[in-house]
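Let me begin by presenting the structure, written as structure tokens, before commenting on it.
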Amino acid sequence: MASLSVPNHYRRDASTEMIRTKVAHRKSITWKENRHKKYEQNRHFGLLDVNTTSLEERNLPQLDETIDNILEKDNVKPSDNQRKEMLQQYKERKQLQKMKEQRDRMRGGVFKVGLYKPDPPQFLRGLPGQKTVKPEPKKVN
Numbered sequence: 001m002a003s004l005s006v007p008n009h010y011r012r013d014a015s016t017e018m019i020r021t022k023v024a025h026r027k028s029i030t031w032k033e034n035r036h037k038k039y040e041q042n043r044h045f046g047l048l049d050v051n052t053t054s055l056e057e058r059n060l061p062q063l064d065e066t067i068d069n070i071l072e073k074d075n076v077k078p079s080d081n082q083r084k085e086m087l088q089q090y091k092e093r094k095q096l097q098k099m100k101e102q103r104d105r106m107r108g109g110v111f112k113v114g115l116y117k118p119d120p121p122q123f124l125r126g127l128p129g130q131k132t133v134k135p136e137p138k139k140v141n
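For the sequence shown, position 50 matches number 50 in UniProt numbering, and the numbering has no gaps at all.
So, in structure tokens, the structure goes:
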């Protein structure tokens, strides 16, 4: 009877439900361990003083800048002026381009719309002895 339970036990361990259960159990244990480690780490730091801020506790070095130095830096901005000039030049070039295109369009003439009736090809024209009468184009008033 004991020999029958061993294969069933292995079969049960190999099922997908058991594998999922084992994985979930392992995850749960690792989460508990990590939570406990974090708790132990924070336990040794002691309570933080509520009256002091983290900024006051820091030792910041003194800055050697004065108001004059800062104002001088603000006044000198060649890159901004340069960008504005480049933008202005770009706009002028675009305007000139548009004007040139308009002039070219005006020189091109009027675009005519209508039906195009080309001469029939050579093989559709009559025999050389026959005279074909070309219809006169209709004049539109």
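For every residue, glycine included, the Cβ atom is placed at its ideal position computed from N, Cα and C. Since this is a predicted model, take the numbers as computed values, not measurements.
For residue i, does the three-state DSSP call read helix, strand or coil?
i	result
Asp80	helix
Phe111	coil
His36	helix
Lys138	coil
Ser28	helix
Tyr90	helix
Gln125	What sits at residue 125 in the sequence shown is Arg, not Gln. DSSP places Arg125 in coil when its eight states are reduced to three.
Asp119	coil
Met1	Note that Met1 has pLDDT 49, beneath the 50 cutoff, so the model's placement of it is unreliable and the number below is only indicative. In the structure shown, Met1 sits in coil (DSSP, three-state: anything other than H, G, I, E or B).
Please go through the same chain and pick out, in chain order, the residues whose beta-carbon is closer than 8 angstroms to the beta-carbon of residue i, but skip the five residues on each side of it.
i	result
Met1	Caution applies to Met1, whose pLDDT of 49 falls short of 50 and renders its modelled position unreliable; the value that the coordinates give is listed next. Around Met1: no qualifying Cβ.
Gln43	Here residue 43 turns out to be Arg, not Gln, going by the sequence shown. Nothing listed; no residue qualifies.
What residues in its chain sit with their C-beta under 6 angstroms from that of residue i, if we drop five residues either side in the sequence?
i	result
Glu40	none
Gln97	none
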